[in-house]
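Protein sequences appear in the order of chains V and Y. Each residue of the first sequence is one higher than the last, beginning at 143 in my numbering. Each residue of the second sequence is one higher than the last, beginning at 143 in my numbering. Virtual Cβ for every residue (Gly too), placed ideally from N, Cα, C. Worksheet: the structure to be examined is printed underneath.
Number of protein chains: 2
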Amino acid sequence: MRLILLVFALIPAAAAADALPSWNEGAAKHAIVEFVAKVTNKGGKDYVPPAQRIATFDNDGTLWAEQPMYFQLAFALDRVKALAPQRPEWKDQEPFASLLKGDLKGALAGGEPAIFQIVMATHAGMTTEEFDQTVRDWLATAKHPKTGRRYSEMVFQPMVELLRYLRASGFKTFIVSGGGVEFMRVFSERIYGIPPEQVIGSSGKLKFELRAGKPVLVKLPELDFIDDKEGKPVGIQKHIGRRPIAAFGNSDGDLQMLQFTAAGPGQRLMLIIHHDDAAREFAYDRQSHIGKLDRAWDEARASNWIVVSMKSDWKKIFAFQK
Amino acid sequence: MRLILLVFALIPAAAAADALPSWNEGAAKHAIVEFVAKVTNKGGKDYVPPAQRIATFDNDGTLWAEQPMYFQLAFALDRVKALAPQRPEWKDQEPFASLLKGDLKGALAGGEPAIFQIVMATHAGMTTEEFDQTVRDWLATAKHPKTGRRYSEMVFQPMVELLRYLRASGFKTFIVSGGGVEFMRVFSERIYGIPPEQVIGSSGKLKFELRAGKPVLVKLPELDFIDDKEGKPVGIQKHIGRRPIAAFGNSDGDLQMLQFTAAGPGQRLMLIIHHDDAAREFAYDRQSHIGKLDRAWDEARASNWIVVSMKSDWKKIFAFQK
């Protein structure tokens, strides 16, 4: 009888060993497997019922790459070029004029207002269904400037395995990202197995309209919600209504989500991915203008959160790499 | 072989007969069962994969009663009384002064601004966890003025069976209600089996704060979103990101949700509950100031949506009734 119990107790760890093949044996993998074994051990003191096994993941830099620029910004820039023939006035209007001349730096010199203009010009003024199709078409053709791969291939294989492993362990997995919710929902189910209703992101306002008797939702050029920093726990509460027991990020934008997750009772898993592999991906942290990891890194060290080294903890980063 | 196929084809209907015991045999029940059989019939032309089986339910008047006043308003009024000793200024300040004298009509004479003041005074200025506890305590003690039952017993038994039947048929069930999201989430899982992340409602703004180093979310006295009328399809898009294939309501506030649902391709189920049973519940429709059913009723007739008569389609309304 004892032997049988022992065998069952070993199953989570054994299953995990197979479930996370792209993770090197080490402290990070061990901490993940141990956490999952504890919260799924029925009868154990750390048991968490499946309904409460909420895991939230940042997207850019956590599930897929974010260099040399956020992929959604690459989409927006490509859309500006595609729309330019219908918008002749852009030739004399910043930030579009610089963009169309290929001067990205000049275009972005306008800071947040310039980015806002680019996003609104490319993400609003159409129905949600039209936008969905535009993103779908872009993903099918656009290529990452460094690897030449489709953006949907720029996904971190160890994280895809982790998502699957958590779901197989009764977790509900959510994306909680500063990216646009309508943008991410186009690919989240296909590349991560995360359905649209489990994607939380930044959003613009929507308007219900009857067009020739047919109801549509029009994307308005007005911000509704920014799902970053303090916005992440707010987005989690608005959308999920309960506190995650596991949260995954890679930058200071994820700090408050990790703090919020850490503050609940019982076992908790907080994990930060450190981009330290210039050869296989990119190397950046405290000084980066994209995905800056500074305050969250300090807090991870002070609070014993897991810091994953992409270089040493991951056997493989992208599925297309050997 | 043919016989075997025939037997399998009959299973959904047979299972449904057991799954909906509080529904009388009739057009409404038959339409529901037929719809479910079609969309779950793998290989059939109307098959819908489980991930797309989204069903949305209004709450007040659709899943539980809403007379003689919305239960959340009853909660707010009880809270005003409970908080009055700490708010001596309310004695001279409308709408609180009238309310505290027991003059509900006088208090609500101020219209929407008065209701807004009452809601904000009782739903904001505390953390989400504090609010959750307040609602929990209220539900455990408050009683419905007509039946003397707990509000959580004022749930329509046929709808609870319908929710279960849809989930057993691979549907994901959501609440899409004008009620407050933080209010409904306190009871949705317990009384409907709907987890908090599948509840969409009206909401106030939230603020992330560290209080003595502990992260909390504070409910601000500021509206964020009204999930009613045109807001319902917007709330569905913001939260779910795909169009329901079945939607259930009882009033004009549900019209746009039903229109949005009806406009998608393939099999669709749109259902409206008509409160026509004064003896067992309440009877109201076109002239009611709560749960007015007028335009949506006309459209239901014009578009062949199902209209459920509580009187003749339901054997039983509440579980506590014989």
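> Quick one: is R327(V) near chain Y, going by C-beta distance under 9 Å?
Replying inline: yes
>> For a test of the three-state rule: what should DSSP assign to P357(V), helix, strand or coil?
In response: strand
> What distance in whole Å lies between the Cβ atoms of L397(V) and R428(V), which are believed to be in contact at a cut-off of 8 Å?
Replying inline: The pair is not a contact, with the Cβ atoms about 14 Å apart (cut-off 8 Å).
> Thinking just about the alpha-carbon of each residue, which of K184(V), A197(V), A193(V) is nearest to the one in P386(V)?
Replying inline: A197(V)
>> Residues of chain Y with CB closer than 7 Å to the CB of E372(V), please, in chain order.
In response: F350
> Out of curiosity, what's the CA-to-CA distance linking M268(V) and P230(V)?
Replying inline: 19 Å
> In terms of DSSP beta bridges, what is L365(V) paired with?
Replying inline: G346(V)
> Going along chain V, which residues have a C-beta under 9 Å from R384(Y)?
Replying inline: R327, P337, P338, E339
>> For a contact defined as C-beta to C-beta under 9 Å, what are the partners of V376(V) on chain A?
In response: In summary, chain A is missing from the structure at hand, where the protein chains are V and Y.
>> Only counting the same chain, and skipping five residues up and downstream in sequence, which positions put a Cβ closer than 8 Å to that of K464(Y)?
In response: K458
>> Restricting to Cα atoms, I'd like to know which of R384(V), M412(V), E372(V) is closest to G391(V).
In response: M412(V)
> Would a check of beta-carbon distances place T318(Y) closer than 9 Å to chain V?
Replying inline: The question names Thr, but residue 318(Y) in the sequence shown is Val. By this cut-off, V318(Y) is not an interface position.
> For Q259(V), which of A282(V), R221(V), E295(V), P227(V) has the nearest alpha-carbon?
Replying inline: R221(V)
> What residue from H172(Y), F177(Y), E167(Y), D366(Y) has the CA that sits closest to G408(Y)'s CA?
Replying inline: F177(Y)
> Going by the CB atoms, is the gap between P337(V) and A389(Y) shorter than 9 Å?
Replying inline: no
> Expressed to the nearest angstrom, what Euclidean distance is found between the alpha-carbon atoms of T270(V) and K380(Y)?
Replying inline: 10 Å
> Of all Cβ atoms in chain V, is any one closer than 9 Å to the Cβ of D369(Y)?
Replying inline: no
> chain Y partners of D405(V), CB-CB under 7 Å?
Replying inline: The identity of residue 405(V) in the sequence shown is Ala, whereas the question assumes Asp. Going along chain Y in sequence order, the residues near A405(V) (Cβ under 7 Å) are K356, P357.
> Can you find a CB in chain V that lies within less than 9 Å of the CB of Q463(Y)?
Replying inline: no
> Using a beta-carbon distance below 9 Å, is K196(V) in contact with chain Y?
Replying inline: The amino acid occupying residue 196(V) in the given sequence is Ile; Lys does not appear at that position. Chain Y, which has a Cβ nearer than 9 Å to the Cβ of I196(V), makes this yes.
>> Closest to S393(V) by C-alpha separation, out of A169(V), F199(V), L162(V), would be which residue?
In response: F199(V)
> Should V341(Y) be counted as a contact of the ligand GDP given a C-beta to heavy atom distance under 8 Å?
Replying inline: Annotation note on the ligand GDP: not contained in the displayed structure, which lists no ligands.
>> Within a Cβ cutoff of 8 Å, which residues of the same chain sit near V328(V), ignoring the five residues on either side of it in sequence?
In response: D274, V277, R278, L281
>> Looking at the strands, I want to know which residues DSSP matches up with I174(V).
In response: According to DSSP, which records beta bridges pairwise, I174(V) is partnered with nothing at all.
> Between the Cα of E167(V) and the Cα atoms of F462(V), K453(V), F460(V), which residue gives the shortest distance?
Replying inline: K453(V)
>> Which residues of the stretch 267-289 of chain Y have a Cβ closer than 8 Å to any Cβ of chain V? Give them in chain order.
In response: T270
> Starting from H265(V) and walking both ways along the alpha helix (DSSP H), at which residues does that stretch end?
Replying inline: 253-265
> Who are K314(V)'s beta bridge partners in DSSP?
Replying inline: I196(V)
> Should A169(Y) go down as buried or exposed, given a rule of 16 or more other Cβ atoms within 10 Å for buried?
Replying inline: exposed
> DSSP state of F217(Y), grouped into three classes?
Replying inline: helix
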